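Asks:
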């Protein structure tokens with residue numbers, strides 16, 4: 003965190019201490035969100051917060067965020083994607099068509115390490131914001147390199163406005179009854195830094211919003227950005243720290259809300275919104291929730307979900323038809339889901355619901371016709387051993403279950419889900435890959451339409467069209483011990499024209515055991531465009547290389563980092579157009595140049611690894627036109643979220 007921001011925080015915290023111990027009662031202009039009442043409550047003082055935590059928490063974690071994951075479709079014009087509305091003039095020449103970040107919901111943009119506007123590529127390189135004039139490719143070059151404070155995480159782009167999220171530590175002060183002077187506490191702080199990039203050679207910082215806590219996730223709808231920071235509730239010398247939000251030199255005192263739901267431990271989850279039109283905050287509020295959080299956003303609502311062990315009576319109530327062999331005493335993991343409405347920067351709490359089991363990731367939730375569809379896996383133990391099964395629930399606007407489909411694929415767990423219209427496509431796995439087609443057209447009576455069993459599993463599902471689904475995952479094979487071993491990567495094309503009998507049109511196996519792809523964990527690494535007939539998958543390929551010169555060494559390993567570029571149609575399946583190589587070698591290497599993103603501008607493909615950007619033609623991806631070496635490696639920073 004810059005020195006001036008650290009100093010500002012110290013001044014603001016001392017001001018809060020001098021003003022007294024009331025938290026969030028005197029809000030600055032446009033600093034708070036409204037609430038709809040109901041189950042939500044607001045703390046009126048630090049003493050009330052402290053008493054509540056002491057009464058309900060069984061233990062609190064240290065001041066380090068719980069849970070981790072790796073840092074992570076053409077969008078509608080309002081969502082800030084290809085050809086979207088711009089706040090400024092786009093220098094010519096630029097591409098007529100270009101790809102955007104692969105997002106879950108059309109019109110809801112997701113922050114990423116890389117963005118483009120058909121002319122320039124904007125990316126986080128080490129601790130810098132790097133802008134590349136990428137079109138046309140023969141004259142591509144880095145036009146600016148802007149140092150960023152602390153650890154940059156992700157960014158958004160909207161016309162001539164760009165926001166970069168960074169996270170770092172700062173020494174802030176809090177007051178405790180046992181000390182005369184405020185006590186210094188090292189805390190993580192997230193900054194949203196809004197830049198004017200109308201002059202790509204010289205980005206200008208216009209606004210900074212600082213939020214205590216580590217960067218968790220964000221969404222952008224139209225010009226409004228919603229960013230969430232999380233922070234464990236820490237107790238230096240027995241006194242809980244309080245969340246803080248500042249906009250430039252102005253403090254936004256964030257109200258602290260709670261839902262009166264006991265949890266093993268709590269985190270602060272601070273939601274702050276601002277407009278990229280002027281960069282100014284439109285509101286902020288903090289919610290006391292449990293850990294292991296999953297975020298999903300539609301264009302109208304934000305859903306925050308987290309795990310909680312449900313009391314036996316409640317678990318039985320919301321999943322009444324428990325099989326005889328399963329006791330609610332042993333399988334009580336549930337998921338709490340809060341719904342907040344979104345309206346031009348305002349976030350308003352609406353309702354809370356709960357379901358049995360755990361979510362896999364953000365794709366486990368989907369909003370459709372005002373209902374929330376949820377897929378979960380229940381895991382636990384019974385007198386007969388471990389138990390595992392999967393459920394689907396449909397919740398109405400009040401977050402009450404109006405439909406349910408339970409005990410799908412016993413003894414297996416969900417590996418991927420994709421809600422598309424009134425269907426759910428779901429992959430579970432234990433020894434084979436059951437690919438389920440589930441009917442959700444009647445929310446009160448969901449049902450399984452068909453199922454396909456094949457080896458392997460898919461970690462990510464993506465729609466090709468209404469009758470075909472692309473899956474990216476891993477192949478499996480039986481081993482000599484009677485079990486199942488994971489082999490190389492697998493790309494599959496499923497046909498769901500006959501929903502009662504889904505089929506496999508084609509599949510491609512890549513590499514041997516140990517092969518990997520960024521797309522298995524992060525959907526933003528997946529690039530597909532049906533109109534242009536391209537599918538780009540980043541690949542870290544491991545292959546067995548026979549060794550004939552040494553008797554006791556049958557083979558060694560070869561390694562390759564790059565991207566596979568396919569054409570894909572239902573008639574022909576997958577057709578390899580070429581491969582873009584970023585790194586290769588016969589011996590094991592660090593994989594420091596693995597491809598993490600790809601994008602296109604007209605007929606030019608750019609594959610982006612941690613160290614370079616290679617530009618080639620979509621019809622000849624293996625021949626590089628230009629290679630741009632990045633000034634610093636792109637690190638997929640590990641930031642705390644709980645998916």
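Numbering (the working numbering), first residue to last: 3 to 645.
Cβ coordinates follow ideal geometry from the N, Cα and C atoms, glycine included.
Only a predicted model underlies this, so the values are computations on that prediction, with no experimental measurement involved.
1) Quick check on the DSSP output: what are the complete beta strand (DSSP E) runs of length 3 or more inside the region 461-532, in order along the chain?
2) According to DSSP, what are the bridge partners of residue 570?
3) Which residues mark the beginning and the end of the alpha helix (DSSP H) in which residue 537 is found?
4) Between which residues of its own chain and residue 500 is the CB-CB distance below 8 angstroms, once the five residues before and five after are set aside?
5) Using the beta-carbon count (16 or more within 10 Å), is residue 137 buried or exposed?
6) Taking just the CA atoms, how far does residue 618 sit from residue 625?
7) For the region 213-277, which segments carrying the beta strand (DSSP E) assignment without a break, of at least 3 residues, lie completely within its bounds, in sequence order?
8) Please say whether residue 569 and residue 582 have beta carbons closer to each other than 8 angstroms?
9) Residue range of the beta strand (DSSP E) that residue 370 falls in?
10) Within 10 Å of its beta-carbon, does residue 57 have 16 or more other beta-carbons around it, so buried, or fewer, so exposed?
11) Need the endpoints of the alpha helix (DSSP H) that residue 100 sits in, please.
12) For residue 109, tell me which candidate among 170, 168, 210, 227 has the shortest Cα-Cα distance.
13) Taking only the alpha-carbon atoms, compute the straight-line gap between residue 460 and residue 496 and give it to the nearest angstrom.
14) Just the C-alpha distance for residue 225 and residue 160, rounded to the nearest angstrom, thanks.
15) Kindly confirm or deny that the region 297-314 and the region 335-348 touch, where touching means at least three C-beta pairs closer than 8 angstroms.
16) Identify the residues that DSSP records as bridge partners of residue 660: which are they?
17) Between which two residues does the beta strand (DSSP E) containing residue 155 stretch?
18) Closest to residue 274 by CA distance: which of 463, 237, 217 is it?
19) Comparing alpha-carbon positions, which option in 296, 437, 345, 101 lies nearest residue 376?
20) Could you check what DSSP says for residue 57 in three-state terms: helix, strand or coil?
21) With a cut-off of 8 angstroms on the beta carbons, I'd call residue 636 and residue 598 a contact; round off their distance for me.
22) Are the region 259-269 and the region 357-367 touching, with three or more C-beta to C-beta distances below 8 angstroms?
23) Taking the alpha carbon of residue 525 as the reference point, which residue from 47, 95, 107 has its own alpha carbon closest?
24) Whole-angstrom Cβ separation of residue 221 and residue 112, contact assumed at under 8 angstroms?
25) Give the secondary structure of residue 390 by DSSP, where H, G and I count as helix, E and B as strand, and everything else as coil.
26) Give me the DSSP bridge partner(s) of residue 403.
27) Taking the straight line between their C-alpha atoms, what separation do you get for residue 509 and residue 627?
28) Output the distance between the C-alpha atoms of residue 144 and residue 531, rounded to the nearest integer angstrom.
29) Opposite residue 283 in the DSSP bridges: which residues?
30) Which partner residues of residue 455 appear in the DSSP bridge assignment?
31) Whose C-alpha, out of 475, 486, 616, 286, is nearest the C-alpha of residue 212?
32) Nearest-angstrom Cα distance between residue 229 and residue 442?
33) How is the beta strand (DSSP E) around residue 42 delimited, first residue to last?
34) If we count the other Cβ atoms within 10 Å of its Cβ and call it buried at 16 or more, is residue 503 buried or exposed?
35) What are the complete alpha helix (DSSP H) segments, minimum 4 residues, inside the region 406-434?
36) Relative to the alpha-carbon of residue 237, which residue among 100, 277, 187 has its alpha-carbon at the smallest distance?
Replies: To lay it out plainly:
1) 470-480, 486-497, 505-512, 529-531
2) Translated into positions along the chain shown, residue 570 becomes position 568. Residue 570 is bridged to 576.
3) What you label residue 537 is simply residue 535 of the chain shown in a count that begins at 1. No alpha helix (DSSP H) holds residue 537; the beta strand (DSSP E) holding it covers 536-548.
4) Locating residue 500 in the chain shown gives position 498, where the first residue counts as 1. Once the five neighbours on either side are set aside, the close Cβ partners of residue 500 are 452.
5) The count along the chain shown starts at 1 and reaches residue 137 at position 135. Counting Cβ neighbours within 10 Å, residue 137 comes out buried, since at least 16 surround it.
6) Along the chain shown, one-based indexing puts residue 625 at 623. Along the chain shown, one-based indexing puts residue 618 at 616. Roughly 6 angstroms between the two C-alpha positions.
7) 216-223, 226-234, 247-249, 252-254, 257-260, 269-277
8) Position 580 of the chain shown, counting from 1, holds the residue named residue 582. Position 567 of the chain shown, counting from 1, holds the residue named residue 569. Contact flag unset, no.
9) As a working note, residue 370 is residue 368 in the chain shown. Note, residue 370: beta strand (DSSP E), 367-370.
10) As a first step, residue 57 must be located in the chain shown, where it is residue number 55. Residue 57 comes out exposed.
11) Position 98 of the chain shown, counting from 1, holds the residue named residue 100. Where residue 100 is concerned, there is no enclosing alpha helix (DSSP H), given that its DSSP letter is neither H nor E.
12) What you label residue 109 is simply residue 107 of the chain shown in a count that begins at 1. Looking at the Cα atoms, 227 is the closest of the given residues.
13) If you number the chain shown from 1, residue 460 lands on position 458. If you number the chain shown from 1, residue 496 lands on position 494. Their Cα atoms are separated by approximately 11 angstroms.
14) Sequence index remark: in the chain shown, residue 225 carries index 223 (1-based). Sequence index remark: in the chain shown, residue 160 carries index 158 (1-based). Distance between the alpha carbons of residue 225 and residue 160 is about 7 angstroms.
15) yes
16) Any answer about residue 660 is impossible in this case: the structure gives the chain only from 3 up to 645.
17) Counting from one through the chain shown, the residue named residue 155 turns up at place 153. It spans 153-160 - the beta strand (DSSP E) in which residue 155 sits, taken as one unbroken run.
18) As a first step, residue 274 is located in the chain shown; it is residue number 272 there, counting from the start. Looking at the Cα atoms, 217 is the closest of the given residues.
19) Here residue 376 refers to the residue found at position 374 of the chain shown. The residue with the shortest Cα to Cα distance from residue 376 is 296.
20) Taking the first residue of the chain shown as 1, we reach residue 57 at position 55. It is helical.
21) Numbered from 1 along the chain shown, position 634 holds the residue referred to as residue 636. Numbered from 1 along the chain shown, position 596 holds the residue referred to as residue 598. So it is a contact: roughly 6 angstroms between Cβ atoms.
22) no
23) By 1-based counting over the chain shown, the position of residue 525 is 523. Comparing Cα-Cα distances from residue 525 to each of 47, 95, 107, the minimum goes to 107.
24) Position 219 of the chain shown, counted from the first residue, corresponds to residue 221. Position 110 of the chain shown, counted from the first residue, corresponds to residue 112. Confirmed, Cβ separation roughly 6 angstroms.
25) Numbered from 1 along the chain shown, position 388 holds the residue referred to as residue 390. Residue 390: strand per DSSP, three-state reduction.
26) The residue labelled residue 403 in the question sits at position 401 within the chain shown. Answer is 397, bridged to residue 403.
27) Position 507 of the chain shown, counted from the first residue, corresponds to residue 509. Position 625 of the chain shown, counted from the first residue, corresponds to residue 627. One C-alpha to the other measures close to 30 angstroms.
28) Here residue 144 corresponds to residue number 142 of the chain shown, with the count starting at 1. Here residue 531 corresponds to residue number 529 of the chain shown, with the count starting at 1. Answer to the nearest angstrom: the Cα atoms are 27 angstroms apart.
29) Taking the chain shown and counting its residues from 1, the one referred to as residue 283 is at position 281. Beta-bridge pairing links residue 283 to 276.
30) Residue numbering aside, residue 455 sits at position 453 when the chain shown is read from its first letter. The partner list for residue 455 (beta bridge, DSSP) reads 436.
31) Residue 212 sits at position 210 when you count from the first residue of the chain shown. Residue 286 is the option with its Cα nearest to residue 212.
32) As a first step, residue 229 is located in the chain shown; it is residue number 227 there, counting from the start. As a first step, residue 442 is located in the chain shown; it is residue number 440 there, counting from the start. For residue 229 and residue 442, the distance between alpha carbons rounds to 31 angstroms.
33) The sequence position of residue 42 within the chain shown is 40, counting from 1. That residue, residue 42, is in no beta strand (DSSP E); it is neither H nor E in DSSP.
34) Looking up residue 503 in the chain shown gives position 501. It is exposed - the Cβ of residue 503 has fewer than 16 other Cβ atoms within 10 Å.
35) none
36) Working through the chain shown from its first residue, we reach residue 237 at position 235. Of 100, 277, 187, the residue nearest in Cα terms is 187.
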